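Colleague:
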Amino acid sequence: MTCNKGETKRNNQDGFNVRGTEAMVLESVMFAILAERSLGPKLYGIFPQGRLEQFIASRKLETGELAIPSISAEIAKKMATFHRMTMPFNKEPKWLFCTMEKYLQQVMRINFTREPQVGIFHRLLGYNLPEELEKLR
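Be aware that the sequence shown starts at 1, since it is given in the UniProt record's numbering, and climbs by one per residue.
1) Suppose you measure from the CA of leucine 129 to the CA of tyrosine 103; what does that come to, to the nearest Å?
2) Just tell me which of Ile75, Thr99, Ser28 has its CA closest to the CA of tyrosine 44.
3) So the alpha helix (DSSP H) isoleucine 71 belongs to, where does it begin and stop?
4) Find out if the Cβ-Cβ distance for the pair leucine 39, phenylalanine 82 is shorter than 8 Å.
5) Roughly how many angstroms lie between the CA atoms of lysine 94 and proline 88, to the nearest whole one?
6) Please list the terminal residues of the continuous beta strand (DSSP E) segment that includes arginine 109.
7) Assign glycine 64 to one of three DSSP states: helix, strand, or coil.
8) Output the boundary residues of the beta strand (DSSP E) element that contains arginine 137.
9) Tell me whether asparagine 11 is buried or exposed, calling it buried when 16 or more other Cβ atoms sit within 10 Å of its Cβ.
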């Protein structure tokens with residue numbers, strides 16, 4: 001498996017990062033589709049340095065508000081709508097799992113020498129992190 005960010009850096013003749021450009025284009029396409037279907041702010045323009053989008057006056061949710069049934073139900077509906085959408089690219093979180101796998105491999109090779117760190121490390125290993133990662137896939 002290869003990550004779609006970070007692991008492979010392809011550059012063109014000018015030293016321009018093709019992976020970064022690819023990610024920006026995919027994000028802009030997704031953003032445009034969400035705006036078109038009224039699932040996000042209106043998109044006014046896309047430029048090489050970014051995009052211009054509608055400002056929506058709002059506030060962030062507090063953690064406790066996620067337990068309010070009407071709010072969590074609305075979030076679930078929006079997420080379900082998004083996940084049912086046909087997109088012109090793969091929506092699987094390949095980069096996320098690849099990055100988690102890479103860090104997990106690094107963590108499994110660590111040798112701690114101080115007792116408090118060893119104890120914490122062994123407690124974390126008790127969660128069987130490789131199995132947990134597989135369950136998330």
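Ideal Cβ placement from N, Cα and C applies to all residues, glycine included. Computed from a predicted structure; not experimentally measured.
Modeller: Inspection of the coordinates gives the following:
1) 11 Å
2) Ser28
3) 69 to 84 is the extent of the alpha helix (DSSP H) around isoleucine 71.
4) yes
5) The C-alpha of lysine 94 lies about 16 Å from the C-alpha of proline 88.
6) Where arginine 109 is concerned, there is no enclosing beta strand (DSSP E), given that its DSSP letter is neither H nor E.
7) helix
8) Neither: arginine 137 is in no beta strand (DSSP E) and is coded neither H nor E.
9) Any reading at asparagine 11 must be qualified, since the residue scores a pLDDT of 42, below 50, and its modelled position is unreliable; no value is offered.
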